[in-house]
Amino acid sequence: MTIEAINEQLLRAIGVGVALLDRQTFQFGFSNDTFDEWFSNENQSTQLQQLFPDLDVPAMQESLATNGRHTSEIRFKRKRRTLIIALDFTAANEDVVVLVCQNITRIKELESMIDSYSMMVERNTRELKREKEQVEKLLLNIMPRSVYEEFKTFGVVTPQMYDPVSVLMLDFVGFTDMVVSQDPSVTVTELNDIYSAFDRIGEQFGCERIKTIGDAYITVAGLPDPTPDHAKAIANTAIRFVRYLTRRNLSHPHQWHCRIGLSTGSVVGSVVGIHKYVYDIFGPAVNLASRLQEFSEPMQISVQDDVAHVLKDQFDLENVGAKTIRGFGEQDVWLLSDNN
Numbered sequence: 044m045t046i047e048a049i050n051e052q053l054l055r056a057i058g059v060g061v062a063l064l065d066r067q068t069f070q071f072g073f074s075n076d077t078f079d080e081w082f083s084n085e086n087q088s089t090q091l092q093q094l095f096p097d098l099d100v101p102a103m104q105e106s107l108a109t110n111g112r113h114t115s116e117i118r119f120k121r122k123r124r125t126l127i128i129a130l131d132f133t134a135a136n137e138d139v140v141v142l143v144c145q146n147i148t149r150i151k152e153l154e155s156m157i158d159s160y161s162m163m164v165e166r167n168t169r170e171l172k173r174e175k176e177q178v179e180k181l182l183l184n185i186m187p188r189s190v191y192e193e194f195k196t197f198g199v200v201t202p203q204m205y206d207p208v209s210v211l212m213l214d215f216v217g218f219t220d221m222v223v224s225q226d227p228s229v230t231v232t233e234l235n236d237i238y239s240a241f242d243r244i245g246e247q248f249g250c251e252r253i254k255t256i257g258d259a260y261i262t263v264a265g266l267p268d269p270t271p272d273h274a275k276a277i278a279n280t281a282i283r284f285v286r287y288l289t290r291r292n293l294s295h296p297h298q299w300h301c302r303i304g305l306s307t308g309s310v311v312g313s314v315v316g317i318h319k320y321v322y323d324i325f326g327p328a329v330n331l332a333s334r335l336q337e338f339s340e341p342m343q344i345s346v347q348d349d350v351a352h353v354l355k356d357q358f359d360l361e362n363v364g365a366k367t368i369r370g371f372g373e374q375d376v377w378l379l380s381d382n383n
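Residues 44 to 383 in my numbering are what the sequence shown spells out, letter by letter.
This is how it looks when you write it as structure tokens:
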């Protein structure tokens, strides 16, 4: 057996498709068994363009003339399965082009699977990021950012004393009757609008809303970051709460009237709960603010004596005399008015 015959047998036996083409006419002069198995049923033509109608022959000719090589891919159906074949044209000399065909179907399927998994991972990552942002937003609604950062880092929050701070306690007049007599969804919607407005007002003066309990709203100035003008900040916040409700009542059928108590003192802040987290404050200043709001008439702001002395040169204050405050004994109570 001659060397040429041996080479031809080897070419026919290998697992890639091999064909030889005339460089001028692009007619097939030789093809091995693998090539014939893949393409014999496609077209009996010996012309390259007819066998591969989607092949860009001018681009191939230009690549062969420039680089001596051209690569491409084709897809076709074989027994209800789509095969993807990589075509590699190489100019052997001026007369012959060698075409090597490799079945890359499995490689493309794996690449597709990898792309699919990558997209799934990216989608899951985006969803996890979105859920993380939602959790962070929720936690920031119930605790100050510095407390949240400590909780996120260590998993616990150390109870901390804040002294001094100013506390605002607000309660709506006739809220229970309103809930019973009116559409609950309307009441809740309006309450949400009011609390959202209160939050925006408080943020302007550096106040931290601690919590809402039904119709009660508690916010603090001087927490978590110390503020020298915490009493002034809480007074401005209270005045604008009343001003907001007064203006709102002019254009809404449901009238909302509040009572407000302001106090200054020390509080302890911490996260309470194991599975359901709540950030809360405790201490004399909280209790005193609650007691003071009970002395207020609708749309009035009651202020403890210590706060009044700090604010008397900056705000309109009226001494309403000594009151017996449960848990605090007898103290002078003042009314804070909007002088605008």
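Cβ coordinates follow ideal geometry from the N, Cα and C atoms, glycine included.
**Prompt:** Around the Cβ of P197, are there at least 16 other Cβ atoms within 10 angstroms (buried) or fewer (exposed)?
**Reply:** Before going on, a small fix: residue 197 reads as Phe here, not Pro. So F197 counts as exposed.
**Continuous alpha helix (DSSP H) assignments of at least 4 residues falling wholly in the region 270–317** = 273–292
**Item:** In DSSP terms, what F215 is bridged to
**Value:** C301
**Request:** Could you work out which residue in V141, T125, R166, N136 is closest to R149 when comparing CA atoms only?
**Result:** T125
**Request:** Please name the residue in Q343, P269, Y238 whose C-alpha comes closest to that of I282.
**Result:** Q343
**Request:** Out of C250, D258, Y160, state which residue places its alpha-carbon closest to the alpha-carbon of N235.
**Result:** D258
**Item:** Same chain, Cβ closer than 6 Å to V311, five either side skipped, listed in chain order
**Value:** P202, M204, F325, G326
**Bridge-paired residues (DSSP) for I3** = Past the edges of the chain, shown from 44 to 383, lies residue 3, and the structure says nothing about it.
**Asked** According to DSSP, which residues form a beta bridge with A365?
**Response** D375
**Request:** For A278, count neighbouring C-beta atoms within 10 Å of its own C-beta (all shown protein chains included) and say buried if the count is 16 or more, exposed if not.
**Result:** buried
**Asked** With distances taken between CB atoms, is the gap from W81 to R121 smaller than 9 Å?
**Response** yes
**Request:** Evaluate N382 with the Cβ neighbour count: other Cβ atoms within 10 Å of its Cβ, from every protein chain shown; 16 or more gives buried, anything less gives exposed.
**Result:** exposed
**Prompt:** How about the region 307–322 and the region 358–372: do they share at least three Cβ pairs that are nearer than 8 Å?
**Reply:** no
**Prompt:** Does the separation of the CB atoms of S115 and A129 fall below 9 Å?
**Reply:** yes
**Prompt:** In or out: G60 buried (at least 16 other Cβ within 10 Å) or exposed?
**Reply:** buried
**Request:** Go ahead and label L266 buried or exposed: buried means 16 or more other beta carbons lie within 10 angstroms of its beta carbon, across all protein chains shown.
**Result:** buried
**Request:** Measure the Cβ-Cβ separation of S309 and Q347 and say whether it is below 9 Å.
**Result:** no
**Item:** Limits of the beta strand (DSSP E) - the one that F325 falls within
**Value:** 321–325
**Message:** Any contact between the region 294–306 and the region 220–237? By contact I mean 3 or more CB pairs, one from each, below 8 Å.
**Reply:** yes
**Prompt:** If we ignore side chains and look at the alpha-carbon of each, how far apart do I46 and T133 end up?
**Reply:** For I46, the pLDDT reaches just 49, beneath the cut-off of 50, and the residue's location in the model is therefore unreliable, although a value from the coordinates is still provided. Distance between the alpha carbons of I46 and T133 is about 23 Å.
**Asked** Which runs of the beta strand (DSSP E), 3 residues or longer, sit entirely within the region 69–123?
**Response** 71–74, 112–121
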